[in-house]
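Chains as they are written, first to last, in the numbering used here: chain A, 183 to 296; chain B, 712 to 822.
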C-alpha cells in the first residue's frame, strides 16, 4: 500500500497554463507539506497544513495555492506557469507537529514548463 | 536563522570503503536532527534521526551522533555497497516548526 501518493508523476505543460498536483496520504497523519526540489537537488518547503489549516506559508508566489479538502489530501494549484516553476514537487506528511516526528515523502511530481 | 551545511558532492567510493559525509548545523536550542536518503527517481526516506545531544541514530549500517559541542551530525558507514548510491540530505527541525534541509550530497559507489 502506498503511504503518500502524488498524481501525476510527470507533468509537461506550456508557459501560462494552470495546473494542479494532487497528494493523498493513507497514514492517518495530521500534518502535510509541499516541497520544491530544484535541478541541483536543493529542497525547500513551500507550505504546511495541520488538520486542514495552513500553518506554514513560505515566500512563494501567490500563483501557488494549496488546498486541503480533508486531512488526508493536500493539493497544489499553480496559475500562470513560468519556466522557473520547472522542478520536482514533493508532498510529505507526518503524524503531528512534534519536531521529532518522521516525515514521509511521496514519489514526487516532475513538472516541466516549456 | 537556522541552517544546515553539508559536504559538497559528488562523493565517489569503491565498494567496501568507509564513508563519512559531514554535516554541521546552526540553530536555536537543540533541534532534532535527521539524515534522509533519496534513491534515483524516488522521494526522500528517513535514514536515521537523533532527538537530543549525544544520541546516536543508526539504520542499515549507517550511524550519526548528535554532537552539540561541535554542532555536528556526521553520517558514517563502515563498508558501503553499490546499493548505497543515492543523494543524502542532512536536516534539522527548526525553531520555526519546519524541517530545513542541507543541499544534499550525491554518493556513487563503484563495484
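In this text, a Cβ means the ideal position worked out from N, Cα and C, and glycines have one as well.
- Excluding five sequence positions before and after residue 206 of chain A, the CB atoms of its chain that fall closer than 7 Å to its own CB belong to 187, 254, 255, given in chain order.
- Closest in alpha carbon position to residue 292 of chain A, among A:282, A:269, A:285, A:221, is A:269.
- Leaving aside the five residues that flank residue 764 of chain B on each side, the residues in its chain whose CB is nearer than 7 Å to its CB run, in chain order, 741, 777, 779.
- Interface annotation for the region 219-240 of chain A against chain B: 219, 222, 223, 224, 225, 226, 227, 230, 237, 238, 240, criterion Cβ-Cβ distance under 9 Å.
- DSSP places residue 274 of chain A in the uninterrupted beta strand (DSSP E) bounded by 269-276.
- Judged by DSSP in its simplified three-state form, residue 209 of chain A adopts coil rather than helix or strand.
- Residue 252 of chain A carries a strand assignment under DSSP once its states are collapsed to helix, strand and coil.
- Rounded to the nearest whole angstrom, the CA to CA distance from residue 807 of chain B to residue 727 of chain B is 40 Å.
- Within chain A, 280, 281, 282, 283 have C-beta atoms less than 9 Å from the C-beta of residue 804 of chain B, given in sequence order.
- Between residue 251 of chain A and residue 229 of chain A, the C-beta spacing is not below 8 Å.
- Taking 8 Å as the upper bound for CB-CB distance, residue 214 of chain A and residue 192 of chain A are not in contact here, some 22 Å apart.
- Among the CB atoms of chain B, none fall inside 8 Å of the CB of residue 243 of chain A.
- For residue 284 of chain A, the CB contacts under 7 Å within the same chain, skipping 5 residues up- and downstream, are 276 in chain order.
- As the crow flies, the alpha-carbon of residue 815 of chain B is around 13 Å from that of residue 796 of chain B.
- For residue 798 of chain B, the closest Cβ of chain A is nearer than 8 Å.
- Taking a 10 Å sphere around the C-beta of residue 805 of chain B, we find 16 or more other C-beta atoms and assign the residue as buried.
- Taking 8 Å as the cut-off, the beta carbon of residue 789 of chain B is found closer than this to the beta carbon of residue 729 of chain B.
- A distance of 8 Å or more separates the beta carbons of residue 759 of chain B and residue 803 of chain B.
- When Cβ-Cβ separations below 8 Å define contact, residue 266 of chain A makes no contact with chain B.
- By alpha-carbon distance to residue 242 of chain A, the top candidate from A:223, A:221, A:267 is A:267.
- Residue A:216 holds the alpha-carbon nearest to the alpha-carbon of residue 236 of chain A among A:287, A:295, A:216.
- Under the DSSP assignment, residue 715 of chain B falls in the beta strand (DSSP E) whose first and last residues are 714-717.
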